[in-house]
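Residue numbers (UniProt numbering): 1 to 547.
Ideal Cβ placement from N, Cα and C applies to all residues, glycine included.
Just so it is clear, the structure is predicted and the values come from calculations on it, not from any experiment.
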């Protein structure tokens, strides 16, 4: 069949089902960047003439947080018995038009297993001894229900099945090896990798959270679905890579990185054990690196200036009350005093009493080893973050870090806040706060150890905030050296850490001594465009071709 990148009229009969764990079009449907992608891709696909639907688990909240309609009950074979799973469709009102398109159907599946550990908890951390155990149970049933739908009620409804990350990675395995779900193998299947560091690996057998426990009679080709490092384990990411029609990673540079072996000691994160499978996919013409897009239809919340500059006092007056309110809400929700919130409230009061006019450095993201390892590396007895804050203090600048994640990393950054009066750490996430930081900051810091694509740097650039980033993955593809930001690089972790400090010093020197050049960088940053329309066009040309 020919490519679907033809006319919009031709594409209108083209139907795509996105299967994912997150969907930011739904209240409470987002944890990370994949939620943004699943919110935006269907909306812009419709503009391109496609019919795009989305389905996720309900997590016990999607039916509470927005109006929905129960469509039907689905009987699903799981763990040797029949489970009843509910299919719901979200009934969006016109007020949601800025979030999604009326032409996009947003579905969710509901079952008690999907909120076994609490309503609204998309992911559960089972610790290092049983990684992914609870989530794998949940998403195994979810994938089985998807296959049940596509083999029955939704038979021949969709021409493309677009799967996202390991949470949907079991679908190709069931399509290939479960006789009942053979019709799913007739659908053109695409697998998008948003985070190769998380692969959803579980035992083949011998555990209540294992492939044989979920599907007792299933026989698979273990050479295609088992993990190459742990041969007694099922790897849904590897299975999907080997069994789908097209594999998609979310930036061109990341596509080059994942076909190389990871070398953690040298600070290079590549294929994470799956580089040979990804090499084979590339050789077969099935691997594509397509950059994610960004939505530029938004209304600034800080009064914009023609030169894309927001005076510090203006940021103080609007953002600080909002930050204080959120911190107080978080503190009130705890049964004990949360040290990070307490110190942050004290710091906020200090800042409000002593306005500043130096640079404001911002950083937003999940506190994981991927995002902050380099900040906590030691150089000459101090962490990189300590060095950056000392450099920043010399220019009378301040830094705000917004995020949550690994408790140990949260503690280390809280301790840094206690050591440095020019650091405010907002330990959590609230949908309104990033907007203030993106629009009010002078320099956005994103020193990820690896970055498949990244959305935060795009949002900062959109608001006219230059970025300082590690020269890898999607950061390489989105930030232009000395035009929209600064890039650092190094052959090992130590060299990367030192390069980050030097790059930061260089950026602040430009800010302080070359204000006209800095304003030019702000202007160029705000003019960069990473359009979803372009990404969808490439989806049609490469990912969906042949369906």
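If I'm right that residue i touches residue j with Cβ under 8 Å, what's the distance once you round it to whole angstroms?
i           : j           : result
residue 16  : residue 52  : 5 Å
residue 259 : residue 282 : 6 Å
residue 224 : residue 187 : That pair is no contact at about 19 Å.
residue 451 : residue 426 : About 22 Å; that fails the 8 Å criterion.
residue 371 : residue 448 : 6 Å
residue 37  : residue 194 : 7 Å
residue 508 : residue 383 : 18 Å between Cβ atoms; not a contact.
residue 198 : residue 274 : That pair is no contact at about 12 Å.
residue 247 : residue 287 : 5 Å
residue 436 : residue 322 : 6 Å
residue 18  : residue 129 : The Cβ separation is near 33 Å, so there is no contact.
Using the beta-carbon count (16 or more within 10 Å), is residue i buried or exposed?
i           : result
residue 442 : buried
residue 336 : exposed
residue 114 : buried
residue 43  : buried
residue 227 : buried
residue 155 : exposed
residue 3   : Because the pLDDT at residue 3 is just 42, under 50, the model does not fix this residue reliably, and the value given afterwards should be weighed accordingly. By the neighbour-count rule (16 or more Cβ atoms within 10 Å), residue 3 is not buried but exposed.
residue 201 : buried
residue 378 : exposed
residue 142 : buried
residue 265 : exposed
residue 82  : exposed
residue 23  : buried
When you compare only the Cα positions, how much space is there between residue i and residue j?
i           : j           : result
residue 136 : residue 161 : 20 Å
residue 261 : residue 139 : 28 Å
residue 80  : residue 180 : 15 Å
residue 105 : residue 69  : 12 Å
residue 88  : residue 121 : 19 Å
residue 527 : residue 468 : 17 Å
residue 111 : residue 398 : 47 Å
residue 47  : residue 533 : 8 Å
residue 542 : residue 333 : 48 Å
residue 424 : residue 417 : 6 Å
residue 523 : residue 360 : 17 Å
residue 133 : residue 71  : 30 Å
residue 515 : residue 482 : 14 Å
residue 320 : residue 352 : 8 Å
residue 240 : residue 213 : 20 Å
residue 268 : residue 157 : 42 Å
residue 455 : residue 33  : 6 Å
residue 536 : residue 475 : 20 Å
residue 125 : residue 107 : 26 Å
residue 540 : residue 245 : 14 Å
residue 49  : residue 330 : 43 Å
residue 461 : residue 221 : 46 Å
residue 445 : residue 525 : 14 Å
residue 216 : residue 234 : 14 Å
residue 185 : residue 148 : 12 Å
residue 346 : residue 505 : 28 Å
residue 277 : residue 257 : 13 Å
Give the DSSP-derived three-state secondary structure of residue i in the structure shown.
i           : result
residue 115 : helix
residue 485 : strand
residue 580 : Residue 580 lies beyond the range of the chain shown here (1 to 547); nothing can be said about it.
residue 156 : coil
residue 367 : strand
residue 177 : helix
residue 52  : strand
residue 201 : coil
residue 258 : coil
residue 355 : coil
residue 544 : coil
residue 46  : helix
residue 269 : coil
residue 194 : coil
residue 39  : helix
residue 31  : coil
residue 189 : strand
residue 17  : strand
residue 149 : helix
residue 382 : strand
residue 26  : coil
Could one say the Cβ of residue i lies closer than 7 Å to chain B's Cβ atoms, at least one of them?
i           : result
residue 370 : The chain inventory of the structure shown lacks chain B, comprising one protein chain alone.
Write down every uninterrupted run of the alpha helix (DSSP H) in the UniProt domain "Glycosyl transferase family 1" (395-519) whose length is 4 residues or greater and which is fully enclosed by it, in chain order.
Counting only runs of 4 or more, we get 407-419, 433-440, 456-462, 473-478, 493-513.
Counting only runs of 3+ residues fully inside the segment 60-141, write out the beta strand (DSSP E) ranges in chain order.
Runs found: 68-78, 81-90, 105-110.
Report the residue ranges of all alpha helix (DSSP H) runs contained in full by the segment 271-353; include only those spanning at least 4 residues, in chain order.
Counting whole runs of 4 or more residues, the segment 271-353 contains the alpha helix (DSSP H) stretches 275-283, 312-333, 339-353.
Contiguous beta strand (DSSP E) assignments of at least 3 residues, all confined to the segment 203-255
Whole beta strand (DSSP E) segments, 3+ residues: 246-249.
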